[in-house]
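These notes concern the structure reproduced below.
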Amino acid sequence: MSFIRCFPPVVDEESRVIILGSMPGRESLRKKEYYGHPRNQFWNVLYALYDREPDWDYGKKLAFLKEKHIALWDVIETCQREGSMDANITGEKANDFDWLFCNYPGIRHAFFNGTKAYETFRKRVGFRYDGITYTKLGSTSPANVVQFERRLEEWSIVKRCAMNL
């Protein structure tokens, strides 16, 4: 089993919130795209929050995030994992959040896409950054079977916080 590495952050000076996953799954790593698995609901949820149809083009998806002041990254920089399940992650090393929050002070809210991202951040990084609010959301992973409307309602806080400029 070899080490896998996350993608660079999608962030700019206008970012107000960040959504943190654990580590991209096998299909996402293959495609070199955040939330690249066709059954992951991430992009469907975010676009639905703004009453828009998801773009198929990955570059347009990233531009959409930036337009809405939403940054994207993963808690884990490197790890080992058999398959795509978070439960199989071992040897994780956290990303450099000192760097992130120092260079992008406009980020005021961190949302965690699922329990693994939240728990890894809590254990490896800690909720120690002044002025940052932390919220765990239900995972958009295909393994987390939740009615779409319920997930959309839970995730609506992302839009509210991103719009609160």
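In my numbering, the protein residues as written are 198 to 362. Note that beta-carbon positions come from the ideal geometry of N, C-alpha and C, so glycine has one too. Keep in mind the model is a prediction, meaning the values are calculated, not measured.
Would PRO251 pass as a contact of ASN241 if the rule is Cβ separation under 7 Å?
Numbered from its first residue, the sequence shown carries residue 251 at position 54. Numbered from its first residue, the sequence shown carries residue 241 at position 44. Going by C-beta atoms, PRO251 is nearer than 7 Å to ASN241.
For the ligand MG, any of its heavy atoms closer than 6 Å to the Cβ of GLU230?
Although the ligand MG was asked about, the structure shown includes no ligands whatsoever.
Enumerate in chain order the residues of its own chain whose CB-to-CB distance from ASN285 is below 7 Å, with the five nearest sequence positions on each side excluded.
Numbered from 1 along the sequence shown, position 88 holds the residue referred to as residue 285. Excluding residues within five positions, the ones whose Cβ falls inside 7 Å are ARG278 and GLU279.
CA-CA distance, LEU262 and PRO206?
Looking up residue 262 in the sequence shown gives position 65. Looking up residue 206 in the sequence shown gives position 9. The straight-line gap from Cα to Cα measures roughly 12 Å.
Output yes or no for whether 7 Å exceeds the beta carbon distance between ILE273 and SER225.
Numbered from 1 along the sequence shown, position 76 holds the residue referred to as residue 273. Numbered from 1 along the sequence shown, position 28 holds the residue referred to as residue 225. Not a contact, by the Cβ cut-off of 7 Å.
Look up ILE354 in the DSSP assignment and say whether it is helix, strand or coil.
As a first step, residue 354 must be located in the sequence shown, where it is residue number 157. In this structure, ILE354 counts as helix in the three-state DSSP scheme.
What's the C-alpha gap between LEU363 and HIS306?
One cannot answer for residue 363 here, as it falls past the ends of the chain, which runs 198 to 362.
Determine whether the beta carbon atoms of ARG202 and THR317 lie at a separation below 7 Å.
Position 5 of the sequence shown holds residue 202. Position 120 of the sequence shown holds residue 317. No.
Is the separation between the beta-carbon of LEU246 and that of PHE309 shorter than 7 Å?
Start at 1 with the first residue of the sequence shown, and residue 246 comes out as number 49. Start at 1 with the first residue of the sequence shown, and residue 309 comes out as number 112. Cβ atoms of LEU246 and PHE309: not closer than 7 Å.
Please work out which residues of its chain come closer than 8 Å, Cβ to Cβ, to TYR212, disregarding the five sequence neighbours upstream and downstream, and give them in chain order.
Within the sequence shown, residue 212 is the residue found at index 15, counting from 1. Note that residue 212 corresponds to Ser in the displayed sequence, not to Tyr. The answer, listed in chain order, is LYS263, HIS266, ILE267, ALA268, TYR301, GLY303 and ILE304.
Let me check understanding here. Comparing Cα to Cα, which of GLY311, LYS257, ASN292 and TRP270 lies closest to VAL208?
Numbered from its first residue, the sequence shown carries residue 208 at position 11. Checking every option, the nearest Cα to that of VAL208 belongs to TRP270.
Go ahead and pull the three-state DSSP assignment for ARG347.
Locating residue 347 in the sequence shown gives position 150, counting from the first residue. Looking at ARG347 - three-state DSSP - the assignment turns out to be helix.
In its own chain, which residues sit with a C-beta less than 6 Å from the C-beta of THR330, not counting the 5 before and 5 after it?
One-based indexing of the sequence shown puts residue 330 at position 133. So the qualifying residues of the chain are HIS306.
Using the Cβ count rule (16 or more neighbours within 10 Å means buried), how would you classify ASN361?
Here residue 361 refers to the residue found at position 164 of the sequence shown. With fewer than 16 other Cβ atoms from the protein chains shown falling within 10 Å of its own Cβ, ASN361 counts as exposed.
Please report how far the alpha carbon of PHE324 lies from the alpha carbon of VAL214, in whole angstroms.
The residue you call residue 324 lines up with position 127 of the sequence shown. The residue you call residue 214 lines up with position 17 of the sequence shown. Each residue's Cα considered, the two are about 15 Å apart.
At the level of alpha carbons, what is the spacing between GLU230 and SER338?
On the sequence shown, residue 230 is found 33 positions in, with the first residue counted as 1. On the sequence shown, residue 338 is found 141 positions in, with the first residue counted as 1. Distance between the alpha carbons of GLU230 and SER338 is about 14 Å.
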